[in-house]
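Visitor:
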Amino acid sequence: MLEARLEQANLLKKVVDAIKDLVQDCNFDCNDSGVALQAMDNSHVALVSMMLKAESFSPFRCDRNIALGINLTSLMKVLRCAQNEDILTLKAEDAPDVVNLVFESSESDRLSEYDIKLMDIDQEHLGIPETEYAATITMPSAEFQRICRDLMALSESVAIEATKDGVKFSCSGDIGNGAVTLRSHTNVEKPDLNVEIALSEPVALTFSLKYLVNFCKASGLSSTVKLCLSNEVPLLVEYGLASNSYLRFYLAPKIGD
Amino acid sequence: SKNQTSIAGFFKKH
């Protein structure tokens, strides 16, 4: 059986809220290492990969592999019934028809319980190779969100170029062109505002802004975001969570002329 | 203009 207790229901609420417009029905794969989710969007352009490690829960118990097939709109309806500060416990039997969610208020004796009916989801699982990326950019997540939103006003696509001088986000559209360039930057007092660029070779790739703006819905999960790029492979956008848990998005590049 | 590639083309199916 599965029994996993999260200190704050808000974490799962934010994760599901961030991905629910990209993917609808997902398997939450539970085993002794934690709760994982991998799903492509309908057009097979983007991939969501979430890992909530066992250490993110206290306690965490999962005796055997259980796939919980859940519709994210349904899950969100139930998660909205939790207060942000509530303690959340997920429970399921070994061959479950439902997943049980219990919300406990830490301040009162209120206890609420919900069951969500599970679905059989036949999902393709993709193997994501370990990649040494040519460029890794760590920056404030709010800054990345702002750049994507700003450039989307002008164009459908953004070119991301990383060189030793910095990282340039540029676009061109019907009304004109736009570009934002960031250089490595260290703020001793506010390290969350740092921009770090680790580069082994220059990279230039083009991506759809619609997807990037969608990924940025995860900005509330982490003050920083990591962008990993190599020429001609999907972009990795990673929001790190506590206890080495993460929410990752992969986006296939636009290629050709 | 550039063409959108598919994520499944980069990552192998299990």
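Those sequence lines, one after another, are chains A and B.
Counting from 1, one number per residue, gives the positions in the first sequence under the numbering used here.
Counting from 258, one number per residue, gives the positions in the second sequence under the numbering used here.
Ideal Cβ placement from N, Cα and C applies to all residues, glycine included.
(1) What three-state label does DSSP hand Cys-216/A in the structure shown?
(2) Would DSSP call Ser-184/A helix, strand or coil?
(3) Just reading off the beta strand (DSSP E) that Leu-37/A is part of, what are its end residues?
(4) By alpha-carbon positions, which one of Ala-179/A, Glu-156/A, Pro-59/A and Ala-135/A ends up nearest to Lys-164/A?
(5) What are the residues of the segment 40-56 of chain A that lie near chain B, defined by any Cβ-Cβ distance shorter than 9 Å?
(6) So with Cβ pairs under 8 Å, would you call Glu-124/A a contact of chain B?
(7) Mark Arg-61/A as exposed unless 16 or more other C-beta atoms lie within 10 angstroms of its C-beta, in which case mark it buried.
(8) In whole angstroms, what separates the C-alpha of Met-119/A from that of Asp-63/A?
(9) If you draw a straight line from the alpha carbon of Gln-145/A to that of Ala-4/A, how long is it in whole angstroms?
(10) Taking just the CA atoms, how far does Thr-138/A sit from Gly-69/A?
(11) Please list the terminal residues of the continuous alpha helix (DSSP H) segment that includes Ala-95/A.
(12) Which residues of chain B have a Cβ atom closer than 8 Å to the Cβ of Lys-77/A, listed in chain order?
(13) Reducing DSSP to helix, strand and coil, say where Glu-3/A ends up.
(14) Quick check on Glu-238/A: buried or exposed, where buried means 16 or more other Cβ atoms within 10 Å of its Cβ?
(15) Could you tell me which of Asp-122/A, Ile-87/A, Asn-10/A and Ile-128/A sits nearest to Asp-109/A, measuring between CA atoms?
(16) What residue from Ser-105/A, Ser-230/A and Ser-112/A has the CA that sits closest to Gln-8/A's CA?
(17) At the level of alpha carbons, what is the spacing between Cys-216/A and Ser-33/A?
(18) Against chain B, which members of the segment 167-184 of chain A pass a CB distance test of less than 7 Å?
(19) Going by C-alpha to C-alpha distance, which of Asn-231/A, Ser-58/A, Lys-254/A and Leu-227/A sits closest to Arg-260/A?
(20) What residue does the alpha helix (DSSP H) around Phe-144/A start on, and which one ends it?
(21) So is Thr-131/A in contact with chain B if we call contact Cβ pairs under 8 Å?
(22) In the segment 143-163 of chain A, which residues sit with their C-beta less than 8 Å from some C-beta in chain B, listed in chain order?
(23) Can you tell me whether DSSP reads Leu-11/A as helix, strand or coil?
(24) Is Lys-254/A close to chain B, meaning its C-beta is less than 8 Å from at least one C-beta of that chain?
Guide: Concretely, from the data shown:
(1) helix
(2) coil
(3) 34-40
(4) Ala-135/A
(5) Met-40, Asp-41, Ser-43, His-44, Val-45, Ala-46 and Leu-47
(6) yes
(7) exposed
(8) 21 Å
(9) 32 Å
(10) 33 Å
(11) Where Ala-95/A is concerned, there is no enclosing alpha helix (DSSP H), given that its DSSP letter is neither H nor E.
(12) Near Lys-77/A there are no residues of chain B at all, since even the closest Cβ is about 28 Å away, more than 8 Å.
(13) strand
(14) buried
(15) Ile-87/A
(16) Ser-105/A
(17) 27 Å
(18) none
(19) There is simply no residue 260/A to check, as chain A begins at 1 and stops at 257 in what is shown.
(20) 141-152
(21) no
(22) Ser-157
(23) helix
(24) yes
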